[in-house]
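Under the numbering used here, the first residue of the sequence shown carries the number 25, and numbering increases by one thereafter.
For every residue, glycine included, the Cβ atom is placed at its ideal position computed from N, Cα and C.
Here the structure is a predicted model, which means the values were calculated and not measured.
Here's the structure we're looking at; comments come further down.
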Amino acid sequence: MAKRHRLVGPVLLVAFLCGVLLHGKTLEAVKVTLLEGAEEPADGGVAGIGGSPPDYRLEVKAGNNWLQSAVFKDTRIGDGLHFEVPGPPPYGAATTLRLVEDDKIDNDILEELPIEGESFDGKAYRFELQSGWSLGAGFEWFLSTPLGAILALGASVALVVLAASFALRNAFD
């Protein structure tokens, strides 16, 4: 029976590390291409006269936040635009993509759709997600679980008690 108790700690440590490693995937970038037969919008000139290529920006909803990429000014999609996702957020936290035609006065939402796999199509655009891996994203996932929150709170309390004990011991020496 004592041998089983000695295994609990290593088994929990392995489970924790596996969870952190498996949930460390991040959304690094999104490649956006125009679907065959779809037309690219023009960025309207003064009162709709003239026009230039659109200013594209990608937004990613991760949790309750919308993360905005840099803007591609006066750029045609061509073979695809590669939008870097700021953060980058944990892959599982990213739920929605929004492609925006960025204007000074009013932004036009060109596509807004839920993330459905590594590659998916909207009405006029194809989105290809590019992932990476981050230890920080894995820890962020762990701390968002009830067990992670409890352990973080416990570790914080232990550090405060340890610091207070050290301070009190040195105060009376």
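Check: Which of helix, strand or coil does DSSP assign to S143?
Finding: By one-based count along the sequence shown, residue 143 stands at place 119. S143: strand per DSSP, three-state reduction.
Next item on the list: Work out the CA separation of G146 and G102 for me, nearest whole Å.
Entry: Looking up residue 102 in the sequence shown gives position 78. Looking up residue 146 in the sequence shown gives position 122. Each residue's alpha carbon lies about 17 Å from the other.
Notebook entry, point to check: Is it true that the CB of V38 sits closer than 9 Å to the CB of F166?
Noted result: Translated into the one-based positions of the sequence shown, residue 166 becomes position 142. Translated into the one-based positions of the sequence shown, residue 38 becomes position 14. Contact: no.
Checklist line | Given V56 as reference, the closest of G111, A195, L121 once Cα atoms are compared | finding: Working through the sequence shown from its first residue, we reach residue 56 at position 32. When only C-alpha atoms are compared, the closest one is L121.
Note to self: In whole angstroms, give me the CA-to-CA distance for A176 and Q154.
What the structure shows: Within the sequence shown, numbered from 1, the residue matching residue 176 stands at position 152. Within the sequence shown, numbered from 1, the residue matching residue 154 stands at position 130. Straight-line Cα distance between these residues: approximately 31 Å.
Checklist line | Residue range of the beta strand (DSSP E) that includes R81 | finding: Locating residue 81 in the sequence shown gives position 57, where the first residue counts as 1. Element bounds for R81: 80-86.
Next item on the list: For V184, count neighbouring C-beta atoms within 10 Å of its own C-beta (all shown protein chains included) and say buried if the count is 16 or more, exposed if not.
Entry: As a position in the sequence shown, residue 184 is number 160, starting the count at 1. Burial call: exposed.
Note to self: Tell me which residue opens and which closes the alpha helix (DSSP H) that V164 is part of.
What the structure shows: Residue numbering aside, residue 164 sits at position 140 when the sequence shown is read from its first letter. The sequence shown places Glu at residue 164, rather than the Val named in the question. Unbroken alpha helix (DSSP H) run through E164: 159-168.
Item checked: Alpha-carbon to alpha-carbon, E64 and P88 -> Here residue 88 refers to the residue found at position 64 when the sequence shown is read from its first residue. Here residue 64 refers to the residue found at position 40 when the sequence shown is read from its first residue. The sequence given here places Asn at residue 88; Pro does not occur at that position. A direct Cα-Cα distance of roughly 30 Å separates N88 from E64.
Next item on the list: Name, in chain order, the residues that DSSP records as bridge partners for S198.
Entry: For the chain, the structure presents residues 25 to 197; residue 198 sits outside this window and is missing.
Next item on the list: Have a look at E125 and E60 and give me their C-alpha separation to the nearest angstrom.
Entry: Locating residue 125 in the sequence shown gives position 101, counting from the first residue. Locating residue 60 in the sequence shown gives position 36, counting from the first residue. In this model, E125 and E60 are separated by some 19 Å (Cα to Cα).
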